[in-house]
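The listed protein sequences derive, respectively, from chains A and B. Counting from 361, one number per residue, gives the positions in the first sequence under our numbering. Counting from 104, one number per residue, gives the positions in the second sequence under our numbering. Here a beta-carbon is modelled for each residue, glycine too, at the ideal position from N, C-alpha and C.
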Amino acid sequence: SQTIHQWPATLVQPVGSPLSLECTVEGTSNPNLYWYRQAAGRGLQLLFYSVGIGQISSEVPQNLSASRPQDRQFILSSKKLLLSDSGFYLCAWSKGANYGYTFGSGTRLTVV
Amino acid sequence: KNEVEQSPQNLTAQEGEFITINCSYSVGISALHWLQQHPGGGIVSLFMLSSGKKKHGRLIATINIQEKHSSLHITASHPRDSAVYICAVRAGNEKLTFGTGTRLTIIP
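Now the structure itself:
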């Protein structure tokens with residue numbers, strides 16, 4: 361069966377520090393991978409998606425970047441965190457446009 | 104105006120009541136998703152719809168493509184159904200556009 365792992369679950373980081381959130385998928389190959397953010401009191405917003413190794417599409421300009429070094433690994437990074445980067449970050453995967461999504465358990469990031 | 108509007112924003116009901124959550128959208132879509140987010144933040148995909156109606160246990164989802172409207176129903180509601188229910192639409196590309204969610208509280 362397919363599973364998705366996301367870590368860490370919670371993270372408190374000072375402004376200006378780097379960030380690395382990791383997401384891995386098991387039990388499938390060549391998944392579409394997504395990073396979403398949910399700011400306090402707001403809906404989910406797509407940050408990045410990837411349809412293959414090394415292929416990253418960015419939806420909104422921001423202080424973050426994403427990489428897909430392996431087929432089932434998706435990493436969200438920042439060189440210098442801002443206060444506005446605080447939020448709940450969710451990784452998800454899908455087989456494609458006509459399929460449902462499976463979400464990771466999320467990372468709650470607080471930038472202080 | 105948001106592309107995806109949900110109503111109500113908050114809903115409190117007694118255990119056993121029939122629950123309806125509504126979702127309206129303003130763009131042509133290829134699919135609509137209903138998601139459930141529990142207090143810890145984890146999200147579970149409930150349904151993906153492109154037409155008609157789907158049922159899973161006590162949950163029923165319907166969609167009217169012409170009216171750009173979907174409903175999520177919960178029969179015989181239970182306190183464990185308490186969560187935020189999120190509607191999301193896909194307009195043919197990789198991007199899902201999300202509603203802001205409906206917070207449902209079921210009182211024993």
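Quick check: residue i and residue j, are their CB atoms within less than 8 Å of each other?
| i | j | result |
| --- | --- | --- |
| ASN392 of chain A | SER437 of chain A | no |
| THR165 of chain B | VAL107 of chain B | no |
| VAL471 of chain A | LEU441 of chain A | yes |
| THR115 of chain B | ILE210 of chain B | yes |
| VAL420 of chain A | LEU407 of chain A | yes |
| LEU381 of chain A | ILE435 of chain A | yes |
| ASN113 of chain B | ARG206 of chain B | yes |
| GLY119 of chain B | ALA179 of chain B | yes |
For residue i, which three-state DSSP category applies?
| i | result |
| --- | --- |
| SER154 of chain B | coil |
| VAL389 of chain A | The sequence shown places Ser at residue 389 of chain A, not Val. Of the three classes helix, strand and coil, the one that applies to SER389 of chain A here is coil, per DSSP. |
| LEU207 of chain B | strand |
| LEU450 of chain A | strand |
| LEU424 of chain A | coil |
| PRO182 of chain B | helix |
| LEU443 of chain A | helix |
| ARG468 of chain A | strand |
| ALA164 of chain B | strand |
| GLN405 of chain A | strand |
Between the options, which has its C-alpha nearest residue i's C-alpha?
| i | options | result |
| --- | --- | --- |
| SER427 of chain A | A:VAL420, A:GLU419 and A:ILE413 | A:ILE413 |
| THR363 of chain A | A:THR462, A:SER410, A:LEU469 and A:LEU404 | A:THR462 |
| ILE145 of chain B | B:LEU162, B:GLY202, B:VAL187 and B:THR203 | Correcting the residue type first, residue 145 of chain B is Gly in the shown sequence and not Ile. Closest option to GLY145 of chain B, Cα to Cα, is B:VAL187. |
| GLY128 of chain B | B:THR205, B:VAL192 and B:LYS156 | Checking the sequence shown, residue 128 of chain B turns out to be Tyr, not Gly. When only C-alpha atoms are compared, the closest one is B:VAL192. |
| SER355 of chain A | B:LEU138, B:GLY131, B:VAL130 and B:GLY143 | Absent from the model: residue 355 of chain A. The displayed extent of chain A is 361 to 472, so no value can be given. |
| SER133 of chain B | B:GLN117, B:SER154, B:GLY202 and B:PRO182 | B:SER154 |
| GLU386 of chain A | A:ASN423, A:SER417, A:LEU469 and A:HIS365 | A:HIS365 |
| THR123 of chain B | B:ARG161, B:LEU152 and B:VAL130 | B:ARG161 |
| ASN390 of chain A | A:VAL411, A:THR467, A:SER361 and A:GLY447 | A:VAL411 |
Going along the chain, which residues of its own chain have a beta-carbon closer than 6 Å to the beta-carbon of residue i, five neighbours each way excluded?
| i | result |
| --- | --- |
| ALA452 of chain A | TYR394, TYR461 and PHE463 |
Near residue i, which residues of its chain fall below 7 Å by C-beta distance, leaving aside the five closest residues on each side in sequence?
| i | result |
| --- | --- |
| LEU443 of chain A | VAL375 and VAL471 |
| TRP137 of chain B | LEU149, PHE150, ALA164, LEU175, TYR188 and CYS190 |
Residues in its own chain within less than 8 Å of residue i by CB, not counting five upstream and five downstream?
| i | result |
| --- | --- |
| PRO378 of chain A | SER437, SER438, LYS439, LYS440 and LEU441 |
For the region 421-453 of chain A, enumerate the residues whose C-beta is nearer than 7 Å to any C-beta of chain B, in chain order. PHE448 and LEU450
Against chain B, which members of the region 405-421 of chain A pass a CB distance test of less than 8 Å? GLN405, LEU406, TYR409, VAL411, SER417 and GLU419
Scan the region 117-148 of chain B for residues whose Cβ lies nearer than 9 Å to a Cβ of chain A and list them as they occur along the chain. SER133, ALA134, HIS136, LEU138, GLN140, GLY143, GLY144, GLY145, ILE146, VAL147 and SER148
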